[in-house]
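Visitor: Per the numbering used here, residue 1 is the first one in the sequence shown, and the count goes up by one each step.
Take a look at the following structure, please.
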Amino acid sequence: MKKKVPCLLIIMMLLITSSIQAEQISQGVSTLESNHQLKACPDTPNCINTEYPEKTDQYIPPLVYDETKADKIVLMAKKVILQMGGSIIKEEPNYLSATFTSMIFRFVDDFEVRNDVKHHTLQIRSASRTGYSDFGVNKRRVEEFLKQFNSLL
1 MKKKVPCLLI IMMLLITSSI QAEQISQGVS TLESNHQLKA CPDTPNCINT
51 EYPEKTDQYI PPLVYDETKA DKIVLMAKKV ILQMGGSIIK EEPNYLSATF
101 TSMIFRFVDD FEVRNDVKHH TLQIRSASRT GYSDFGVNKR RVEEFLKQFN
151 SLL
């Protein structure tokens, strides 16, 4: 009887983890809205964005850069994302979509950057694909990204 309980717990954990991963895979990465802005965060605390200041609890100001660096911004963003352990999923001239995967449960978070050439800003969105709270993981990721990015400027 004692051996059955741990085995059942392990089987249950494997089933739960695999169903979460299947849900994450089916959701895919976010895309740009028709107005070329990053998608707004849902009403859950597991997302952070630089484009929607009216959502104060999910907002961080965008990175403002000198216009002379405009042609290098996406390349620099890609370098920082890769250094932080992200994987680039989609790359366009002024847009990157990446994912970050957690170590233990393999949760996937989407990370996007959009170079707003007109306003010389780098817009960022980081969001968990599943769950309600991320315990501040996406906010810390964006803050770390900005810190590393600023060191390259």
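For glycine and all other residues, C-beta sits at the position ideal for the given N, C-alpha and C.
May I have a chain-ordered list of the alpha helix (DSSP H) segments no shorter than 4 residues that lie completely inside the region 57-92?
Guide: List check, alpha helix (DSSP H) in window: 73-83.
Visitor: Out of G85, E112, N94, D116, state which residue places its alpha-carbon closest to the alpha-carbon of T101.
Guide: Answer by Cα proximity: G85.
Visitor: Rounding to the nearest angstrom, what Cα-Cα distance links D66 and S87 in this structure?
Guide: Each residue's alpha carbon lies about 27 Å from the other.
Visitor: Look up N115 in the DSSP assignment and say whether it is helix, strand or coil.
Guide: DSSP places N115 in strand when its eight states are reduced to three.
Visitor: Between I104, F105, K90, which lies nearest to A98 when the distance is taken from Cα to Cα?
Guide: If we check each option's Cα against that of A98, K90 comes out closest.
Visitor: Here's the rule I'm using: 16 or more other beta-carbon atoms within 10 Å means buried, otherwise exposed. How should T50 be labelled?
Guide: Buried.
Visitor: In whole angstroms, what separates the C-alpha of P53 from that of K72?
Guide: When rounded, the distance between both Cα atoms is 26 Å.
Visitor: Below 8 Å between beta carbons: does that hold for L38 and Q148?
Guide: Cβ distance not < 8 Å, so L38 and Q148 don't count as in contact.
Visitor: Tell me the DSSP secondary structure of L153 in three-state form.
Guide: Note: L153 maps to coil in three-state DSSP.
Visitor: Quick one, which of D43, L63, K55, A40 has its alpha-carbon nearest H120's?
Guide: For H120, the nearest C-alpha among the options comes from L63.
Visitor: When you compare only the Cα positions, how much space is there between S133 and K139?
Guide: Whole-angstrom Cα-Cα distance: 11 Å.
Visitor: Quick one: is S26 buried, meaning 16 or more other Cβ sit within 10 Å of its Cβ, or exposed?
Guide: Annotation note: pLDDT 40 at S26 (below 50); position unreliable, coordinate value reported separately. Label assigned to S26: exposed.
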